[in-house]
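See structure below.
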Amino acid sequence: MPNNKSKPGPSRMSVYLYIPNIIGYIRILLNCYAFAICFSSKRLFAALYFLSFVCDAVDGWCARKFNQASTFGAVLDMVTDRISTACLLVILSQVYRPSLVFLSLLALDIASHWLQMYSSFLVGKASHKDVRDSSNWLFKLYYGNRMFMGYCCVACEVLYIALFLISSKHTENLMDVVVTTLKQGSPLSLLVAISLLGCSIKQVINIIQMKTAADACVLYDTEKKQKR
Amino acid sequence: MPNNKSKPRPSRMSVYLYIPNIIGYIRILLNCYAFAICFSSKRLFAALYFLSFVCDAVDGWCARKFKQASTFGAVLDMVTDRISTACLLVILSQVYRPSLVFLSLLALDIASHWLQMYSSFLVGKASHKDVKDSSNWLFKLYYGNRMFMGYCCVACEVLYIALFLISSKHTENLMDVVVTTLKQGSPLSLLVAISLLGCSIKQVINIIQMKTAADACVLYDTEKKQKR
Chain A
1 MPNNKSKPGP SRMSVYLYIP NIIGYIRILL NCYAFAICFS SKRLFAALYF
51 LSFVCDAVDG WCARKFNQAS TFGAVLDMVT DRISTACLLV ILSQVYRPSL
101 VFLSLLALDI ASHWLQMYSS FLVGKASHKD VRDSSNWLFK LYYGNRMFMG
151 YCCVACEVLY IALFLISSKH TENLMDVVVT TLKQGSPLSL LVAISLLGCS
201 IKQVINIIQM KTAADACVLY DTEKKQKR
Chain X
229 MPNNKSKPRP SRMSVYLYIP NIIGYIRILL NCYAFAICFS SKRLFAALYF
279 LSFVCDAVDG WCARKFKQAS TFGAVLDMVT DRISTACLLV ILSQVYRPSL
329 VFLSLLALDI ASHWLQMYSS FLVGKASHKD VKDSSNWLFK LYYGNRMFMG
379 YCCVACEVLY IALFLISSKH TENLMDVVVT TLKQGSPLSL LVAISLLGCS
429 IKQVINIIQM KTAADACVLY DTEKKQKR
């Protein structure tokens, strides 16, 4: 039975109070506090960042379990991810030289996600993760295999946090620190090596994504012209 | 006469070679070089950043003059703006304490633009600058008056560049520098005061935009449910 009387007041309130979205707000508070104390207490920062990551998985689970998936929730998640990664790259650019490395990673992160989201809207896909039509083998592997995609994404975050925890004083040389850590032959070396690999693959994917998304933007214009 | 044979390749090449888009690529190169030399040559950095800003206006004019407006061009512009502002805020967070100020400005910039773009797509508006339906007086003033909007946007960039040029050594206290500059009573003081005002208004607008965009996301879900 169609409901002709739209009740914007209660409905709007309800979505903002959905359980997954409340978890989303908690994530934001965790991140705010984490970055406020990141230099004074590195381990607490890493723990809070990890906790925020766990919340990200939990709120997705809650959305499905309580049937409270919402567009607002999806955007909240997306924006929180983007900002927390950006802030992490900013503080890494403060403790490591050359800071151009992390500035570039930030630029690549913003550009690839922005282009991907824009082109997804133009093409009308449900999520930027639902890409099926690309001939590139790496692209197919990445999007066809959720575990591989998960590994690459998590590897980036793990690498950034590990690099931050390893840093002992301000403005160290990134290459020196990475090489020293890898040479140690410790469990940490293995962790850094594995996450470095995953992070590198993710950056390559980001670059390919930008090209694909740009092509989609161009195709959108071409098809619009042909329809006239 | 409808063209049934679509010629994707020539069209796709052409768009990438549109004059406004070539200017877009030049903007990116200018920014890359500018940020690479920003600490060694502050004035050159400021000049290049300003030049990139001029190119932004020029490529819009070229797009209209040569009828080469494209979706790809619009996205290229948007992404270049977002990244150049982000990188500027990053280097400011390196030279000023507390860096939390610039981290917050970065977060607000990313969040407000991301939410605004997402909700624009949902609502189907042509550009995030075409907002007509909001009861907030400041919002109406901002979007109703292109010069006011321009002043606020430019003020932010001018303030950030000015702050960077003023900084003499690493990690100064932001509040001290701003207060000292304002007390000087020089033309610089006036410039900083005016741009500080415009930038503050822009941040308030950003916060309101986030709320409006979030409401639009919620409304989108509500309407989708009612249509079933």
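If you read the sequences in order, they're chains A and X. Using the numbering used here, you'd call the opening residue of the first sequence number 1 and step up by one each time. Using the numbering used here, you'd call the opening residue of the second sequence number 229 and step up by one each time. Note that CB positions come from ideal geometry on N, CA and C, so glycine has one too.
List, in order along the chain, the chain X residues whose C-beta lies closer than 7 angstroms to that of residue i?
{"i": "residue 85 of chain A", "result": "Residues of chain X passing the Cβ test: none, with the nearest at roughly 10 angstroms."}
{"i": "residue 178 of chain A", "result": "The premise fails here: residue 178 of chain A is roughly 21 angstroms from chain X at the closest Cβ pair, so nothing lies under 7 angstroms."}
{"i": "residue 236 of chain A", "result": "Any answer about residue 236 of chain A is impossible in this case: the structure gives chain A only from 1 up to 228."}
{"i": "residue 121 of chain A", "result": "349"}
{"i": "residue 17 of chain A", "result": "The premise fails here: residue 17 of chain A is roughly 11 angstroms from chain X at the closest Cβ pair, so nothing lies under 7 angstroms."}
{"i": "residue 174 of chain A", "result": "The premise fails here: residue 174 of chain A is roughly 15 angstroms from chain X at the closest Cβ pair, so nothing lies under 7 angstroms."}
Which residues in chain D sit within 9 angstroms of residue i, going by Cβ to Cβ distance?
{"i": "residue 338 of chain X", "result": "The displayed structure is made up of protein chains A and X, and chain D is not among them."}
Mind listing the chain A neighbours of residue i? Cutoff is C-beta to C-beta under 7 angstroms, in chain order.
{"i": "residue 331 of chain X", "result": "35, 87 and 90"}
{"i": "residue 462 of chain X", "result": "Residue numbering for chain X in the displayed model covers 229 to 456; residue 462 of chain X lies beyond these limits and cannot be assessed."}
{"i": "residue 388 of chain X", "result": "The premise fails here: residue 388 of chain X is roughly 15 angstroms from chain A at the closest Cβ pair, so nothing lies under 7 angstroms."}
{"i": "residue 445 of chain X", "result": "71, 72 and 75"}
{"i": "residue 310 of chain X", "result": "110 and 114"}
{"i": "residue 346 of chain X", "result": "75"}
Go through its chain and collect everything with a Cβ distance to residue i's Cβ below 6 angstroms, but skip five positions before and after it.
{"i": "residue 88 of chain A", "result": "160"}
{"i": "residue 395 of chain X", "result": "323"}
{"i": "residue 72 of chain A", "result": "15"}
{"i": "residue 383 of chain X", "result": "423, 426 and 427"}
{"i": "residue 2 of chain A", "result": "For residue 2 of chain A, the predicted model reports a pLDDT of 49, less than 50, meaning its position is unreliable and no value from the coordinates is stated."}
{"i": "residue 238 of chain X", "result": "Reliability fails at residue 238 of chain X, whose pLDDT of 48 lies under 50, so the model's placement of it is uncertain and no value is given."}
{"i": "residue 65 of chain A", "result": "none"}
{"i": "residue 316 of chain X", "result": "388"}
{"i": "residue 232 of chain X", "result": "Low confidence applies to residue 232 of chain X: its pLDDT is 48, below 50, so where it sits in the model is not reliable, and the reading given next is rough at best. Answer for residue 232 of chain X: no residue qualifies."}
Whose Cβ in chain A lies nearer than 8 angstroms to the Cβ of residue i?
{"i": "residue 247 of chain X", "result": "None at all; the shortest Cβ gap to chain A is about 15 angstroms."}
{"i": "residue 314 of chain X", "result": "86, 106, 107 and 110"}
{"i": "residue 406 of chain X", "result": "Per Cβ cutoff of 8 angstroms: no residues; residue 406 of chain X is ~21 angstroms from chain A at best."}
{"i": "residue 448 of chain X", "result": "71"}
With a threshold of 8 angstroms on Cβ separation, who are the neighbours of residue i within its own chain once the five nearest residues in sequence on each side are excluded?
{"i": "residue 141 of chain A", "result": "148"}
{"i": "residue 211 of chain A", "result": "none"}
{"i": "residue 191 of chain A", "result": "158 and 162"}
{"i": "residue 102 of chain A", "result": "89, 90, 92, 93 and 96"}
{"i": "residue 151 of chain A", "result": "198"}
{"i": "residue 254 of chain X", "result": "283"}
{"i": "residue 405 of chain X", "result": "324, 391, 394 and 395"}
{"i": "residue 165 of chain A", "result": "42, 43 and 46"}
{"i": "residue 186 of chain A", "result": "none"}
Can you name the start and end residues of the alpha helix (DSSP H) that residue i belongs to?
{"i": "residue 120 of chain A", "result": "100-123"}
{"i": "residue 428 of chain X", "result": "415-455"}
{"i": "residue 380 of chain X", "result": "374-394"}
{"i": "residue 346 of chain X", "result": "328-351"}
{"i": "residue 245 of chain X", "result": "From DSSP, residue 245 of chain X is part of no alpha helix (DSSP H); its letter is neither H nor E."}
{"i": "residue 283 of chain X", "result": "270-293"}
{"i": "residue 72 of chain A", "result": "71-95"}
{"i": "residue 321 of chain X", "result": "299-323"}
{"i": "residue 409 of chain X", "result": "402-411"}
Pick out whichever of the options has its Cα sitting closest to the Cα of residue i.
{"i": "residue 337 of chain X", "options": "X/427, X/244 and X/447", "result": "X/427"}
{"i": "residue 163 of chain A", "options": "A/19, A/32, A/26 and A/96", "result": "A/96"}
{"i": "residue 80 of chain A", "options": "A/27, A/214, A/216 and A/178", "result": "A/27"}
{"i": "residue 167 of chain A", "options": "A/34, A/42 and A/32", "result": "A/42"}
{"i": "residue 350 of chain X", "options": "X/454, X/449 and X/243", "result": "X/449"}
{"i": "residue 249 of chain X", "options": "X/276, X/273 and X/307", "result": "X/307"}
{"i": "residue 325 of chain X", "options": "X/419, X/399, X/305 and X/442", "result": "X/399"}
{"i": "residue 286 of chain X", "options": "X/305, X/447 and X/272", "result": "X/305"}
{"i": "residue 339 of chain X", "options": "X/310, X/315 and X/316", "result": "X/310"}
{"i": "residue 392 of chain X", "options": "X/318, X/297 and X/244", "result": "X/318"}
{"i": "residue 208 of chain A", "options": "A/47, A/111 and A/55", "result": "A/111"}
{"i": "residue 229 of chain A", "options": "A/40, A/52 and A/119", "result": "Nothing about residue 229 of chain A can be reported from this structure: the residues present for chain A run from 1 to 228 only."}
{"i": "residue 282 of chain X", "options": "X/260, X/252 and X/269", "result": "X/252"}
{"i": "residue 312 of chain X", "options": "A/184, A/222, A/82 and A/104", "result": "A/104"}
Once the 5 residues before and after residue i are set aside, which same chain residues still bring their CB inside 7 angstroms of it?
{"i": "residue 356 of chain X", "result": "Reliability of the predicted coordinates at residue 356 of chain X is poor, the pLDDT of 48 falling under 50, and the value obtained from them is presented with this limitation in mind. Contacts found: 344, 345 and 348."}
{"i": "residue 196 of chain A", "result": "159"}
{"i": "residue 153 of chain A", "result": "202"}
{"i": "residue 331 of chain X", "result": "321"}
{"i": "residue 18 of chain A", "result": "68, 70 and 73"}
Can you pull the chain X residues whose beta carbon is under 8 angstroms from the beta carbon of residue i, in chain order?
{"i": "residue 41 of chain A", "result": "Near residue 41 of chain A there are no residues of chain X at all, since even the closest Cβ is about 15 angstroms away, more than 8 angstroms."}
{"i": "residue 217 of chain A", "result": "298, 299, 300 and 303"}
{"i": "residue 100 of chain A", "result": "263 and 264"}
{"i": "residue 203 of chain A", "result": "Ordered by position in chain X, no residue passes the 8 angstroms Cβ test against residue 203 of chain A, which lies about 15 angstroms from the chain."}
{"i": "residue 93 of chain A", "result": "318 and 322"}
Which bits of chain X does residue i rub up against, with CB to CB less than 9 angstroms?
{"i": "residue 52 of chain A", "result": "Within chain X, no residue comes near residue 52 of chain A; the closest Cβ sits about 14 angstroms away, beyond 9 angstroms."}
*asked:* Extract the residue ranges of the beta strand (DSSP E) inside the segment 132-204 of chain A, only unbroken runs of 3 or more that lie entirely within it.
replied: none
_Whole alpha helix (DSSP H) elements within the segment 10-63 of chain A, 4-residue minimum_ = 19-36
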